[in-house]
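Novice:
Residue numbers (the numbering used here): -8 to 187.
#1: Classify residue 162 as buried or exposed, calling it buried when 16 or more other Cβ atoms lie within 10 Å of its own Cβ.
#2: Could you tell me the boundaries of the alpha helix (DSSP H) in which residue 74 lies?
#3: Under DSSP, the alpha helix (DSSP H) around residue 173 begins and ends at which residues?
#4: Given residue 169, which residues of its chain have a CB within under 7 Å of its CB, disregarding the five upstream and five downstream residues?
#5: According to DSSP, is residue 184 part of a helix, a strand, or is it coil?
#6: Which class does residue 68 belong to by DSSP, given the choice of helix, strand or coil?
#7: Are residue 50 and residue 81 touching if we call contact CB-CB under 8 Å?
#8: Name, in chain order, the residues that DSSP records as bridge partners for residue 59.
#9: Does the region 105 to 116 come close enough to the region 83 to 94 to have 3 or more Cβ pairs within less than 8 Å?
#10: Report the CB separation of residue 72 from residue 83 in whole angstroms; it is logged as a contact under 8 Å.
#11: Among residues of its own chain, excluding the 5 on either side of residue 93, which ones have a beta-carbon nearer than 6 Å to its beta-carbon?
#12: By a C-beta neighbour count over all protein chains shown, 10 Å radius and 16 as the cutoff for buried, is residue 136 buried or exposed?
#13: In whole angstroms, what separates the C-alpha of residue 174 from that of residue 152?
#14: Which residue wins for smallest C-alpha separation from residue 121, given the options 62, 47, 85, 100?
#15: Given this structure, state the Cα-to-Cα distance separating residue 96 from residue 157, to the nearest angstrom.
#16: For residue 165 and residue 31, I'd like the C-alpha separation in whole angstroms.
#17: Grab me the residues of residue 178's own chain with a C-beta within less than 6 Å of its C-beta, minus the 5 sequence neighbours each way, in chain order.
#18: From which residue to which residue does the beta strand (DSSP E) around residue 102 run?
#19: Check each candidate in 184, 183, 180, 37 and name the one with the smallest Cα separation from residue 107.
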């Protein structure tokens, strides 16, 4: 159990995979009398968030989170402290009083959870179709952009959206005759592309 007076998770992006917390369950158990508690850009898989407070003004703010595959539920407010979730993907959250603006209850399309890979996927990138994780570009639009310059994603790992220019063998951002010559020399076995 984590006990604290104030926590702000805006600087790190942790992953909680199949964790359990003492007495009240969940991947993390938060007990506090302070407010606010801000959880931002975390991924909880196989263990949700249990929140307990003796202080009726202590608030847990869940922002840009993914809470998935947690039983019996992803968020478990215990005691009197309110929970406010925004721009988060929380399995089973639909209809809960704390399920707020921008929240979704959709499969996040993780790469390979059994192997511990919780990166978001988009198999047909950049074509916007059903293979795009609903968590990509779905975070709070007022939070900082992802490192690739796009709107914040939900969860601990953002999806890299920088496009690769097909045919740019040299990696200089242009397609030129030089790229064609490099490729041809590689095909006939004169060079290895890793050399250039």
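No residue lacks a Cβ here, since even glycine has one placed at the ideal position from N, Cα and C. Predicted model only: the values in this text are computed from it and were never measured.
Specialist: Quick look at the numbers:
#1: Around the beta carbon of residue 162, a 10 Å sphere encloses fewer than 16 other beta carbons of the protein chains shown; the residue is thus reported as exposed.
#2: Judged by DSSP secondary structure, residue 74 falls outside any alpha helix (DSSP H) and instead within the beta strand (DSSP E) spanning 74 to 77.
#3: For residue 173, the enclosing alpha helix (DSSP H) has its first and last residue at 168 to 178.
#4: Correct list, in chain order: 161.
#5: Here residue 184 sits in helix by DSSP.
#6: Under the three-state reduction of DSSP, residue 68 is assigned to strand.
#7: Between residue 50 and residue 81, the C-beta gap is not smaller than 8 Å, which leaves the two residues out of contact.
#8: According to DSSP, residue 59 bridges with 36.
#9: Note that the region 105 to 116 does not touch the region 83 to 94; fewer than 3 beta-carbon pairs, one per stretch, sit closer than 8 Å.
#10: Separation of the CB atoms of residue 72 and residue 83 is rounded to 20 Å, and the pair is thereby denied contact status at 8 Å.
#11: Excluding positions up to five away in sequence, the list reads 77, 78.
#12: Its Cβ having fewer than 16 others within 10 Å, residue 136 is exposed.
#13: For residue 174 and residue 152, the distance between alpha carbons rounds to 25 Å.
#14: Of the listed residues, the one whose Cα sits closest to residue 121 is 100.
#15: For residue 96 and residue 157, the distance between alpha carbons rounds to 36 Å.
#16: Residue 165 and residue 31: Cα-Cα distance of roughly 38 Å.
#17: So no residue of the chain qualifies.
#18: Under the DSSP assignment, residue 102 falls in the beta strand (DSSP E) whose first and last residues are 101 to 103.
#19: For residue 107, the nearest C-alpha among the options comes from 37.
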